[in-house]
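Read in order, the letters of the sequence shown correspond to residues 0 to 295 in numbering that gives the first Met the number 0.
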Amino acid sequence: MLAGRRVAVHVCRRGGFPQRARFEQSIVGHYCPPHEDAVVVHCALKPLQFLLSDREFPSSTGLLLKRPRFCPIKHLTPEQRASLPTETLRRGVDVGVAVLLESASGKVLLTRRTRTLSLFPNTWVPPGGHIDPEEELLDTGLREVQEETGLQLKDGGQFSWQLLALWESVYPPRLSQGLPQRHHIVVFLHLALRECHQELQARLKPNEAEVAAVAWLDRSTLASIAATEDGAEGETPGVGREAPPTVSIIELEKGSAKTLVIPTAAFLPTAQGENVERVSTGTRYALRQWLNKSSL
């Protein structure tokens, strides 16, 4: 896709003219003091722009925007900023959409990315990807769900949906793993489906080029996953009292699928490293937002 045809993040503050966000600029940091990592912003999708503002504007939605405390962009030194390749800087900040699919039986679908993917390999995440020009946010979410899982969902009674939260994502996720290469604002959507997870599972046809495993997880398991934040000091991952000790996942390999029963604790480690299996930090954040809103 040509650079001029990419949907890029634009920022606006105190009623000023929207500016294309710079790659090396922390979007959260643009709206709050350096020691803070979360802020409510107003956002809307415009032609080739995802516009963020500290003030409400026509058609905008107010959402919480968060970054991890170890965000690489936040901690870049002047020397590291100066060493970023021109090609990387020209990318600006991309826009992604991720979808929390909640079945009528209250379970949420997570997928484990394959080890061969260039971004966040072997990581548990919701279905999602980049927004294409002329797409709406929901269009992107439905397309990515179909491309990754084979589920065809139509906006016409199969589900209800809402914008859930915004996440500032950088890859690699820590400076200890190298200088930033990609920078995104991820828009999390929540889709409440009319079908139970068994019916949805029967229709799944995951794309093995992107998806290595899938799991439908219940609320108690998701609460345990969401309770541990990567980088938090003094935290010991543990399974909540109400969570089951084991969960079933479906692994995919060479066109076949097999059901495995694994410890629930396998979803909880927050260790960082190449090809370490874990639930992404952004996913944990989105799950916390979903749990908070669904308990109201």
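For each residue, glycine too, the CB sits at the ideal point set by N, CA and C.
Spatial neighbours of glutamate 207 in its own chain (CB-CB distance under 7 Å, excluding positions within 5 residues in sequence) are listed in chain order as Leu251. Nearest in C-alpha terms to glutamate 241, of all of Ile224, Ser255 and Ile248, is Ile224.
Taking C-beta atoms as the reference points, threonine 227 and threonine 263 fail to come closer than 7 Å. Sequence-distant Cβ neighbours of arginine 54 in its own chain, meaning closer than 7 Å and more than five residues away, are Gly14 and His41.
DSSP places isoleucine 184 inside the beta strand (DSSP E), whose first and last residues are 181 to 192. The alpha carbon of lysine 106 has as its nearest neighbour, out of Val246, Arg4, Arg12 and His183, the alpha carbon of Val246. Ranked by how close their Cα comes to the Cα of glutamine 18, the residues His9, Ser25 and Lys204 have His9 in first place.
From the listed residues Glu146, Tyr170 and Pro243, the smallest Cα separation to valine 210 is found for Glu146. Between the beta-carbon of tryptophan 123 and that of leucine 109 there is about 5 Å, and that keeps the pair under the 8 Å contact cut. When C-alpha distances from cysteine 70 are compared across Arg277, Ser82, Val260 and Leu174, the shortest belongs to Leu174.
Here glutamine 145 carries a helix assignment [DSSP, helix/strand/coil]. If you draw a straight line from the Cα of arginine 90 to the Cα of proline 243, it comes to about 43 Å.
Annotation: the stretch 83 to 112 contains the following complete segments of the alpha helix (DSSP H) (minimum length 4 residues), in chain order: 85 to 88. Distance between leucine 290 and glutamine 161, taken at the CA atoms: about 14 Å. In the three-state reduction of the DSSP assignment, valine 39 falls in the strand class.
Classified as exposed, glutamate 135 has fewer than 16 neighbouring CB atoms from the shown chains inside 10 Å of its CB. By the Cβ criterion, the stretch 185 to 204 is in contact with the stretch 150 to 164, since at least three pairs of Cβ atoms, one from each stretch, lie closer than 8 Å. Close CB contacts of lysine 204 within its chain, under the 6 Å cut and outside five residues either way in sequence, are with Gly149 (chain order). Contact between histidine 182 and isoleucine 72 holds: their C-beta atoms lie close to 7 Å from each other, under 8 Å. Going by beta carbons, isoleucine 130 and valine 94 fall inside the 7 Å limit. If you compare the alpha carbons of Ala212, Ser293 and Leu116 with that of glycine 254, the shortest gap goes to Ala212.
Contact between leucine 165 and valine 186 holds, with the beta-carbon distance rounding to 6 Å and staying under 8 Å. Cβ-Cβ separation between leucine 199 and serine 293: approximately 18 Å, too far for a contact (criterion under 8 Å). With contacts defined by Cβ atoms closer than 7 Å, serine 25 and alanine 43 do not form a contacting pair.
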